[in-house]
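For the sequence shown, the positions run 1 to 945 when the UniProt record's numbering is used.
Glycine included, C-beta positions come from ideal geometry on N, C-alpha and C.
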Amino acid sequence: MDTRVLPIIILLPLILGTTLVLWLKQFSRGVTALGAIGVSLSSFVLLLTQAKTVLSGNAILEQWQWLPQIGIDFSFRLDALSLIFSLLITGIGTLIYIYAYYYLNPKNSLSKLYSLLMLFMAAMLGISLSNNLIILLVFWELTSISSFLLVGYWSNYEAAQRGARMAMTITGMGGLAMLGGFILIGHIAGTYQIDQLTTMTTTIQNSGLFVPALLLILLGAFTKSAQFPFHFWLPNAMAAPTPVSAYLHSATMVKAGIFLVARLLPIFVGSALFHNLVTTIGLFTLCMAAFFAIFKEDLKGLLAYSTISHLGLIMCLLGIGSPLAVAAAIFHIINHATFKAALFMIAGIIDHESGTRDLRKLSGLWQLLPFTATLTMITAASMAGVPLTNGFISKEMFFTELLANLSGGYVVLAAILATLAGLFAVAYSVRLVHGVFFDGDVGRDVPNKNAHEPPLGMRLPAIILATLCILVGILPALLVENIVNAGTRASTQLSNFEGVHLAIWHGFNLPLLMSAIALIGGVIFYFALAKGGRIREIDLDPSLGRLQGKLLFEDFLKNLLSLSRKVKKNTETGSLQNYLLLILALSIALVAAPLLNQNLTTGTRELTHAPFTAIVLWLLLFSACWMMLWFHHERIKAVLISGAIGLVVTMIFVTLSAPDLALTQITVDVVTTVLLLMSLSLLPQLTPYESSRTRRWRDAVLAIGGGIGIGWIAWLIMTRDHNSISWFFVQQSLPLGGGSNIVNVILVDFRGFDTFGEIAVLGIAAIGALCMMDGMRTHGTTMTKGLSYRFNPSPLMFRMTASWVLPVALVVSLYIFLRGHNYPGGGFIAGLITSMALVIQYIALGQDQAEKMLRAKSGRLYEVWIGLGLLIAGLSGIASWLWARPFLTSAHVYVESSLFGTFHLASAAAFDLGVYGTVVGATMLLISVLGDSRHSSMSGPVPKE
């Protein structure tokens with residue numbers, strides 16, 4: 001059996017699905033829909049092929065090492081619990097894709113909706129199949145991001161934007177808390193592997209970190225599954241398209257918190273805090289949301305609060321934690337997914353056909369939509385727990401487990417709340433059916449008076465789900481008993497669990513009485529409220545006042561924004577000196593605080609006398625720094641002095657036998673000096689003087705303190721013996737990296753990924769500078785007489801000299817590049833040498849003529865160089881995958897040739913070529929953009945400092 005099926009199930013929607021639907025949109029909406037349905041159905045079928053193995057009690061495992069040193073691996077596991085959730089995700093997802101094709105207006109982008117739904121599906125499958133807590137968290141956050149995009153699908157609507165932000169904020173904060181809980185659990189157990197964690201219950205619960213870990217994880221689960229007091233984000237997410245709401249409420253996002261608690265149940269069971277907290281929160285959420293649902297005027301709002309209520313029921317059962325309670329929870333997860341997906345689709349049909357989903361306008365639609373009304377009655381009956389529906393059986397199991405596992409006064413309170421919740425569920429279910437289809441004249445206030453049944457394809461998904469509600473309600477033992485029991489064993493890790501027997505009738509007992517009271521009382525309660533239209537007159541918001549979750553959340557954000565503005569006002573003063581003061585002062589404090597009480601003294605390492613050369617270089621460096629302090633108000637002099645300091649540092653590297661560093665330092669020094677001179681020529685020649693003597697003394701004390709502190713730390717380190725890791729690079733540079741220049745091998749091989757990130761940042765910075773200066777006017781200020789800085793042509797002698805500098809420099813660059821793997825040099829240094837030669841051409845010929853010669857008008861060539869450099873570097877890293885080696889693993893070979901003899905080839909040269917191209921492109925783009933004619937021709941006021 002090929003266990004690679006698990007990542008394939010996730011990758012099908014994640015990569016194939018999202019790209020396929022975007023590609024298919026060029027053909028037609030129907031082809032796009034078939035592509036999405038095919039991908040989803042493929043994942044569903046792949047899961048079914050593993051069902052026999054999984055339901056027999058076995059688990060399918062697949063794992064790839066990623067960061068084994070910290071316990072993070074790509075690990076996936078398919079057992080009965082994850083199978084149930086994955087089948088719901090892909091099965092209902094397939095029905096959602098069918099429904100969305102008919103629901104969405106042709107003017108709206110179907111491919112955009114499908115691609116986002118595919119991303120959402122992949123994220124939920126990742127949560128269900130992950131066997132590593134950190135990988136699960138990655139998919140967890142991906143659900144938050146994808147739901148944010150889905151809820152905000154209609155981005156022009158303020159309600160959609162507000163709902164998307166609210167959902168993202170609440171679930172994102174919960175995910176952050178959950179990360180802390182996962183790290184604590186991993187620290188306690190020494191692993192993040194879920195299958196290992198569930199066998200270490202005693203170790204985990206005996207740790208002092210268990211309680212904070214439990215609370216943080218539950219915080220993540222409660223926010224995601226909309227438990228009180230975090231329930232308010234879910235009704236506000238109703239601005240999403242109805243297919244999204246149907247998917248989100250039935251089988252995906254809101255079930256993620258439920259799944260997490262069920263998956264980690266063996267770790268939590270036995271903890272009194274877990275049982276009391278989860279049971280109480282779930283029970284309160286169940287009753288509270290059911291009551292609120294009765295009074296909602298929007299169909300989707302009513303269904304949203306009913307979802308919160310049913311999620312509370314499931315969470316309460318998981319809080320009880322007994323095997324039979326877990327079985328009831330898993331059974332209700334299946335039931336809720338079927339009737340809630342169907343009900344949301346029906347709400348969409350009603351809205352689609354009548355033009356509204358406002359219960360105040362809907363009435364008497366039975367004669368216009370009789371088939372839809374029948375589907376509504378079936379699924380609403382299941383939601384209310386009416387006999388012969390699947391919802392009735394799981395509701396009975398909930399009542400039974402509540403009475404069997406609670407004791408004392410708590411069981412009485414719980415029974416009352418559960419019965420009231422059942423009564424409220426019947427009331428809002430009756431309102432849904434009666435208020436839409438039977439109450440009042442036919443379509444009295446309906447915008448579309450000619451409403452009719454939608455196409456069969458739009459009704460088909462709801463028909464399938466409604467049929468399942470009846471079949472499971474009549475034949476539960478035949479259809480779902482086996483999978484419920486297998487899921488219970490997988491969740492509880494109790495292989496000896498005998499299983500629960502699902503039946504329609506369990507005799508006359510107290511749970512049946514509670515159901516009868518709820519059923520009869522709910523009908524009476526609804527019609528009592530509806531008499532004379534009084535149900536529509538009840539507005540709960542004024543009675544709750546500022547205690548509404550939405551208002552509390554908005555107040556929190558408002559106060560947070562106000563605080564941030566005050567902080568910004570007091571810190572962002574527009575003064576660079578003040579920014580440096582804050583940064584340096586805080587840095588000194590953060591470094592000094594943990595070191596003050598350490599009683600650190602000079603180490604025992606034998607000290608040596610400073611050689612004469614070091615003293616001379618130190619005096620040069622001290623003199624240059626003192627000159628910088630003296631002339632720092634004169635910008636041009638300050639830049640030249642900083643260049644001199646760079647030259648002194650270069651000499652220090654030469655003295656210390658570090659030629660690579662010396663070459664890099666001097667080339668970087670020259671290029672940055674040119675850049676700074678160009679930039680500062682556009683500003684006044686002098687910087688403002690300090691405002692007061694106090695400020696000068698303050699800055700002096702801070703500078704001296706920081707300098708002494710760094711010097712002290714350097715002294716403490718240098719006077720102590722340490723174990724260097726340089727021996728590893730000395731020994732392995734040639735055999736592993738194929739080069740004798742250790743510095744270059746480190747950059748392009750051992751730490752090649754770091755170098756790749758650095759050149760990517762360099763390219764981004766150059767492109768960012770181009771974007772930032774778009775529309776700016778590059779000329780001097782009044783203090784520099786407003787001269788345009790366009791590299792005006794230089795005298796003839798300089799132009800003639802520059803004409804042969806470029807070819808010589810290119811030859812030198814090629815030489816430095818080719819020798820870099822074994823001798824001082826490399827792509828970075830070669831790129832800077834090429835850049836210096838090109839800068840000389842700019843200065844000698846003028847920018848216009850130089851760009852014309854180089855065919856680099858307005859820097860476009862340099863943007864291409866950046867892109868090609870990053871592409872070459874990336875492809876050289878990806879090529880190693882063809883030989884099943886890690887990214888950027890280099891290879892080298894010696895080739896015998898009768899013409900050239902033996903010569904050495906290293907794949908790192910390709911990576912170095914990418915570095916070369918990116919460095920040249922980024923450097924020249926930064927220089928050329930300062931004098932770009934697109935900017936210098938702009939009119940406008942002279943910029944002030």
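Rounded to whole angstroms, what's the CA-CA distance from residue i to residue j? Just pull it up for me.
{"i": "M253", "j": "A662", "result": "56 Å"}
{"i": "L368", "j": "E353", "result": "10 Å"}
{"i": "F27", "j": "L41", "result": "21 Å"}
{"i": "L494", "j": "V54", "result": "15 Å"}
{"i": "L522", "j": "P455", "result": "Note on residue identity: the sequence assigns Gly, not Leu, to residue 522. Whole-angstrom Cα-Cα distance: 34 Å."}
{"i": "L388", "j": "P106", "result": "40 Å"}
{"i": "G780", "j": "Q685", "result": "With a pLDDT of only 41 at G780, under the threshold of 50, the placement of this residue in the model should not be trusted; the figure read from the coordinates follows. Each residue's Cα considered, the two are about 10 Å apart."}
{"i": "G175", "j": "F259", "result": "14 Å"}
{"i": "V5", "j": "F182", "result": "27 Å"}
{"i": "A909", "j": "H821", "result": "8 Å"}
{"i": "L676", "j": "W140", "result": "46 Å"}
{"i": "K785", "j": "I927", "result": "Confidence at K785 is low in this model, with a pLDDT of 41, below 50, so the placement of that residue is unreliable and no value is reported for it."}
{"i": "A33", "j": "L12", "result": "15 Å"}
{"i": "V808", "j": "G917", "result": "19 Å"}
{"i": "G408", "j": "R263", "result": "30 Å"}
{"i": "L110", "j": "G385", "result": "36 Å"}
{"i": "S430", "j": "M345", "result": "Note on identity: in this sequence residue 430 is Val, with Ser being the wrong assignment. Their backbone Cα atoms lie some 18 Å apart in a straight line."}
{"i": "L16", "j": "L22", "result": "10 Å"}
{"i": "A461", "j": "Y99", "result": "Just to set this straight, residue 461 is Pro in the shown sequence, not Ala. Straight-line Cα distance between these residues: approximately 7 Å."}
Along the chain, where does the beta strand (DSSP E) containing residue i start, and where does it finish?
{"i": "W66", "result": "I60 to L67"}
List the DSSP bridge partners of residue i.
{"i": "E634", "result": "L686"}
{"i": "N132", "result": "Q193"}
{"i": "D358", "result": "D298"}
Nearest by alpha-carbon distance to residue i: which of the options is it?
{"i": "M230", "options": "I308, L640 and Q65", "result": "The residue asked about is misnamed: residue 230 is Phe in this sequence, not Met. Closest by alpha carbon: I308."}
{"i": "I334", "options": "G768, K255, L561 and P323", "result": "K255"}
{"i": "T90", "options": "F74, G319, V45 and E62", "result": "V45"}
{"i": "T379", "options": "L286, K361 and L343", "result": "L343"}
{"i": "S75", "options": "P611, Q69, T242 and L61", "result": "L61"}
{"i": "A51", "options": "K296, V484, A427 and T664", "result": "V484"}
{"i": "F728", "options": "L716, I717, I746 and M718", "result": "I746"}
For residue i, does the three-state DSSP call read helix, strand or coil?
{"i": "V446", "result": "coil"}
{"i": "D439", "result": "coil"}
{"i": "Q227", "result": "coil"}
{"i": "A289", "result": "helix"}
{"i": "D721", "result": "coil"}
{"i": "I194", "result": "helix"}
{"i": "R4", "result": "coil"}
{"i": "S587", "result": "helix"}
{"i": "H452", "result": "coil"}
{"i": "A884", "result": "coil"}
{"i": "M238", "result": "helix"}
{"i": "Y410", "result": "helix"}
{"i": "K107", "result": "coil"}
{"i": "W712", "result": "helix"}
{"i": "W697", "result": "helix"}
{"i": "E572", "result": "coil"}
{"i": "T338", "result": "helix"}
{"i": "S740", "result": "coil"}
{"i": "V386", "result": "coil"}
Can you tell me where the alpha helix (DSSP H) holding residue i begins and where it ends?
{"i": "F74", "result": "That residue, F74, is in no alpha helix (DSSP H); its beta strand (DSSP E) goes I72 to L78."}
{"i": "K25", "result": "Looking at the DSSP string, K25 is not in any alpha helix (DSSP H), and its letter there is neither H nor E."}
{"i": "S115", "result": "L110 to L129"}
{"i": "M836", "result": "G827 to L845"}
{"i": "I474", "result": "L456 to I474"}
{"i": "P659", "result": "P659 to L680"}
{"i": "R489", "result": "E481 to T492"}
{"i": "A251", "result": "It is not in any alpha helix (DSSP H) - A251 carries neither H nor E in the DSSP assignment."}
Can you confirm whether residue i, when its beta carbon is compared against all beta carbons of chain D, has any partner nearer than 7 Å?
{"i": "L317", "result": "The structure shown contains no chain D, having only a single protein chain."}
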